[in-house]
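Working notes, beginning with the structure itself.
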Ligand SMILES: Cc1cc2nc3c(=O)[nH]c(=O)nc-3n(C[C@H](O)[C@H](O)[C@H](O)COP(=O)(O)OP(=O)(O)OC[C@H]3O[C@@H](n4cnc5c(N)ncnc54)[C@H](O)[C@@H]3O)c2cc1C
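Residue numbers (the working numbering): 1 to 310.
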């Protein structure tokens with residue numbers, strides 16, 4: 001990998017380099033659930049989103065790209081150097097008001113599931129199966145074991161590219177299977193917080209369902225290994241894991257990456273896997289499944305730093 005620390009900085013972005021908390025040439029592997037990544041040219045972790053509106057407005061004025069991440073459980077950092085500013089949102093407040101629960105975008109879904117279950121608020125148990133943040137989970141309409149973000153979201157607090165605040169009701173999020181407006185038309189908007197609706201129910205019953213989600217996950221997914229969860233979306237009426245398994249690919253290894261012997265739609269990092277190893281396995285999975293079944297698999301993971309395959 002080239003030494004990106006030698007990259008010169010244009011004088012016009014001196015302000016960014018001296019912004020409080022900014023780190024330069026930050027390795028992204030430790031930030032990613034996968035343990036894979038190059039470096040971020042500029043990196044900022046924010047546990048309080050207060051500086052964001054002004055910061056984003058300025059980045060836009062100066063035409064500097066930015067990428068917001070949560071827990072990076074759904075991102076493959078494929079670039080040697082991620083340009084512009086990578087912002088990790090780790091704001092994690094949570095408050096309950098009647099049947100509603102309001103959370104900052106950096107709150108992790110398992111915490112949201114656990115705290116609402118403890119309070120006898122049903123409907124978010126599926127979050128125990130999604131290791132990412134609320135922000136990332138709204139973007140991808142995360143779901144597990146029959147529940148999805150779209151079923152329980154009331155609204156999201158966001159800022160647009162100019163740093164202006166908006167409240168986006170769930171009905172305007174254009175949710176679909178692992179899809180939302182924040183993946184497409186509003187991909188540069190940043191989710192700061194969200195409110196979810198729950199249903200009152202005895203805490204013991206809610207907690208029992210949450211434990212079921214955790215048990216089922218442990219039994220069916222290689223959660224003790226580094227992965228990004230499901231690599232491909234399920235095609236209509238079928239399961240990507242079943243197709244990959246039927247194509248004889250379970251256990252296949254390239255470099256440090258392996259198609260999990262436990263769940264064929266998971267690619268695990270056995271240690272030292274590179275983004276190229278993962279991308280080569282993904283290409284193999286798509287090609288073999290297409291040859292055998294004529295079905296084109298669509299990635300569920302977000303690959304950043306490489307043009308999507310046509
Ligand atoms: C072991 C394992 C199991 C998994 N199981 C499931 C599952 O059952 N169901 C499921 O749906 N997913 C699953 N996933 C995938 C992942 O956890 C979800 O997609 C999760 O919602 C991603 O959240 P994140 O915070 O990690 O997002 P990131 O990976 O950090 O980001 C994902 C996308 O959202 C954007 N983003 C993140 N935060 C914000 C924000 N605040 N504002 C605007 N954009 C933002 C990013 O730019 C990126 O495009 C699994 C992953 C793993 C590792």
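Yeah, the Cβ is synthetic: ideal placement off N, Cα and C, and Gly gets one too.
Only a predicted model underlies this, so the values are computations on that prediction, with no experimental measurement involved.
Asked: Residues of its chain near residue 298, where Cβ-Cβ distance is below 7 Å and the 5 sequence neighbours each way are ignored; Found: 232 and 233
Asked: Residue burial classification, residue 88 (beta-carbon count within 10 angstroms, cutoff 16); Found: buried
Asked: Residue(s) in a DSSP beta bridge with residue 121; Found: 200
Asked: Residue 130 beta carbon near ligand 1 (any heavy atom closer than 7 Å); Found: yes
Asked: Unbroken alpha helix (DSSP H) run spanning residue 86, endpoints; Found: No alpha helix (DSSP H) contains residue 86, which is instead part of the beta strand (DSSP E) from 81-89.
Asked: Near ligand 1: residue 95 beta-carbon under 7 Å from a heavy atom; Found: no
Asked: Other residues of its chain near residue 310: CB distance less than 6 Å, five sequence neighbours each side excluded; Found: Confidence in residue 310 is poor, its pLDDT being 43 and thus under 50, which makes the residue's placement unreliable; the coordinate value appears in the next sentence. Excluding positions up to five away in sequence, the list is empty.
Asked: Backbone secondary structure at residue 3 - three-state DSSP; Found: Reliability of the predicted coordinates at residue 3 is poor, the pLDDT of 46 falling under 50, and no value is obtained from them.
Asked: Where the beta strand (DSSP E) through residue 167 begins and ends; Found: 165-169
Asked: Opening and closing residue of the beta strand (DSSP E) in which residue 234 lies; Found: Taken as a continuous stretch (DSSP letters only), residue 234 belongs to no beta strand (DSSP E), as it is neither H nor E.
Asked: Distance cut-off 7 Å: residue 71 Cβ against heavy atoms of ligand 1; Found: yes
Asked: Rounded separation between residue 190 and residue 90 - CA only; Found: 13 Å
Asked: Beta-carbon gap between residue 109 and residue 127 smaller than 8 Å; Found: yes
Asked: Three-state secondary structure (DSSP) of residue 109; Found: helix
Asked: Closer than 7 Å: residue 190 CB and nearest ligand 1 heavy atom; Found: yes
Asked: Ranges of the beta strand (DSSP E) found wholly within the segment 222-293, counting only runs of at least 3; Found: 257-259 and 267-269
Asked: Cβ-Cβ distance between residue 192 and residue 157 below 8 Å; Found: yes
Asked: Counted within 10 angstroms of its Cβ, other Cβ atoms place residue 150 as buried (16 or more) or exposed; Found: buried
Asked: Simplified DSSP state of residue 30, which is helix, strand or coil; Found: helix
Asked: Nearest to residue 291 (by Cα), restricted to the options 306, 115 and 249; Found: 249
Asked: Spatially closest choice to residue 70 from 45, 26, 51 and 55, by CA coordinates; Found: 45
Asked: C-alpha distance - residue 181 paired with residue 148, whole-angstrom precision; Found: 15 Å
Asked: 6 Å CB neighbourhood of residue 21 in its chain, flanking five on each side removed; Found: 44
Asked: Per-residue burial, residue 93 [other beta carbons within 10 Å of its own, 16 or more giving buried]; Found: exposed
Asked: Local conformation of residue 137 per DSSP, three classes; Found: helix
Asked: heavy atom of ligand 1 below 7 Å from residue 77 C-beta; Found: no
Asked: Close-in-space but distant-in-sequence residues of the same chain around residue 188 (CB under 7 Å, 5 per side omitted); Found: 161
Asked: Residue 90 beta carbon near ligand 1 (any heavy atom closer than 7 Å); Found: no
Asked: Per DSSP, the bridge partner or partners of residue 24; Found: 42
Asked: Beta-carbon proximity list for residue 302, same chain, < 6 Å, skipping 5 on both sides; Found: 74 and 75
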